[in-house]
């Protein structure tokens, strides 16, 4: 029983020791990492600002760039992890062999912690090594750039003031004190090579330019006259399309009758510009009828007496004959008289229909007058 308690006690004590050691290592690693990051950040800021680095700042970087054996903390972590892994693995096998299967998983988990610890330490070492290597490269490039700038400045000075450079070389080669003649020439050379002030260029005040005005240019379309179609349907569609095209360039059709008349006459005039043959519009027909003078027939009263027999004979002739042949001749003659007073018969079918209906209406009216 005492042996059993001792094995359990050893397992618990080992577990507590491993946990405390791991916590202390994590705290120490985080603290060291924080300090290291602060130093790296300070060095990067000095590199970015372009300031020169002192030897005290560069030497720690070169010292810390070392192998794994130089970094004692990482080496101790790796050794600790290997020992923990080996010890608790053997202890877990021993507990299983003795019969303490319930305590074996605890030892196995500690063995896994010991296995993971060297891996974490190795990754931290590799990351730190890469950061230090990159920082040292940056420092070396900054040094080279500074040296190149100094060389370029010295070359520019030699090209600008060759006599001054020669005098400096002579002074360096001859350390003897300069004679009074040379002392007199030096201030003259210095005065001669004083930088001259460049003349100030007067700045001309900018004149305010007026804003450009936008000019709209309207191109008038060339009017091309077209032939009026002979077919009634095509003619009707052609005139409707042309009228809509002309009316789109004008405001809306007025509601007043007088203004509407003027508007129709204006549209008809514009439509005639696009057609070779003029159109007989109703507005123009009305205007022509108004402008045409009305001739009133004058009746002269003759002194001869009126014969009532002649009046009766005339009224008898004006009556519709009863015979069918005479009636047919009379109707055809009446139709010819009506057609003589109208314009020529149109060729369009719709206009022809209207023409026939007009003649029939006029004949019916005259036949009613004769019958009355």
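Residue numbers (the working numbering): 123 to 494. Cβ atoms here follow ideal geometry from the backbone N, Cα and C, with glycine treated the same way.
For the ligand PLP, I want to know if residue i counts as a neighbour, meaning its beta carbon is within less than 8 angstroms of at least one of the ligand's heavy atoms.
i           : result
residue 269 : Summarising the ligand content, the structure contains no ligands, and the ligand PLP is consequently not present.
Restricting to Cα atoms, I'd like to know which of the options is closest to residue i.
i           : options               : result
residue 258 : 162, 359 and 208      : 162
residue 165 : 476, 264 and 362      : 264
residue 471 : 144, 460 and 358      : 358
residue 143 : 239, 158, 395 and 272 : 239
residue 444 : 278, 493, 275 and 152 : 493
residue 231 : 220, 210 and 249      : 210
residue 360 : 371, 348 and 370      : 348
Quick check: the Cα distance between residue i and residue j, rounded to an integer number of angstroms?
i           : j           : result
residue 379 : residue 385 : 10 angstroms
residue 452 : residue 390 : 42 angstroms
residue 336 : residue 373 : 26 angstroms
residue 251 : residue 245 : 10 angstroms
residue 356 : residue 478 : 22 angstroms
residue 267 : residue 154 : 32 angstroms
residue 214 : residue 260 : 51 angstroms
residue 253 : residue 149 : 21 angstroms
residue 515 : residue 395 : Residue coverage of the chain in this structure runs from 123 to 494, which leaves residue 515 outside it and unanswerable.
residue 476 : residue 346 : 32 angstroms
residue 158 : residue 152 : 10 angstroms
residue 160 : residue 272 : 31 angstroms
residue 198 : residue 241 : 13 angstroms
residue 365 : residue 354 : 16 angstroms
residue 352 : residue 362 : 15 angstroms
residue 256 : residue 167 : 15 angstroms
residue 454 : residue 377 : 46 angstroms
residue 224 : residue 147 : 29 angstroms
residue 311 : residue 270 : Because the pLDDT of residue 311 is 45, which lies under 50, any placement of that residue in the model is unreliable, and the question is left without a value.
residue 135 : residue 145 : 15 angstroms
residue 262 : residue 276 : 21 angstroms
residue 249 : residue 278 : 44 angstroms
residue 462 : residue 371 : 42 angstroms
Using a Cβ-Cβ cut-off of 8 angstroms (strictly less than) and excluding sequence neighbours within five positions of residue i, which residues of its own chain qualify?
i           : result
residue 474 : 467 and 468
residue 488 : 456 and 460
residue 303 : Note on residue 303: pLDDT 44, under 50, position unreliable in the model; the coordinate value appears next. Cβ within range, chain order: n/a, list empty.
residue 140 : 206, 210, 232, 235 and 236
residue 220 : 129
residue 446 : none
Quick one: residues in its chain with C-beta nearer than 7 angstroms to the C-beta of residue i, no 5 flanking neighbours on either side, listed in chain order?
i           : result
residue 228 : 133 and 137
residue 222 : 129
residue 375 : 382 and 385
residue 274 : none
Report yes if the C-beta distance between residue i and residue j is below 9 angstroms; otherwise report no.
i           : j           : result
residue 203 : residue 236 : yes
residue 205 : residue 129 : no
residue 233 : residue 207 : yes
residue 460 : residue 491 : no
If you drop the 5 nearest sequence neighbours on each side, which residues of the same chain put their C-beta closer than 6 angstroms to that of residue i?
i           : result
residue 392 : 368
residue 428 : Bear in mind that a pLDDT of 44 at residue 428, under 50, signals an unreliable position, so the model cannot answer this.
residue 486 : none
residue 442 : 492
residue 187 : With a pLDDT of 47 at residue 187, under the threshold of 50, the modelled position of this residue cannot be trusted, and the question is left open.
residue 131 : none
Hey, residue i and residue j are a contact pair by Cβ (cut 8 angstroms); roughly how many whole angstroms apart?
i           : j           : result
residue 243 : residue 200 : 5 angstroms
residue 350 : residue 397 : 6 angstroms
residue 457 : residue 481 : 6 angstroms
residue 156 : residue 196 : Residue 156 to residue 196, Cβ: 16 angstroms. No contact.
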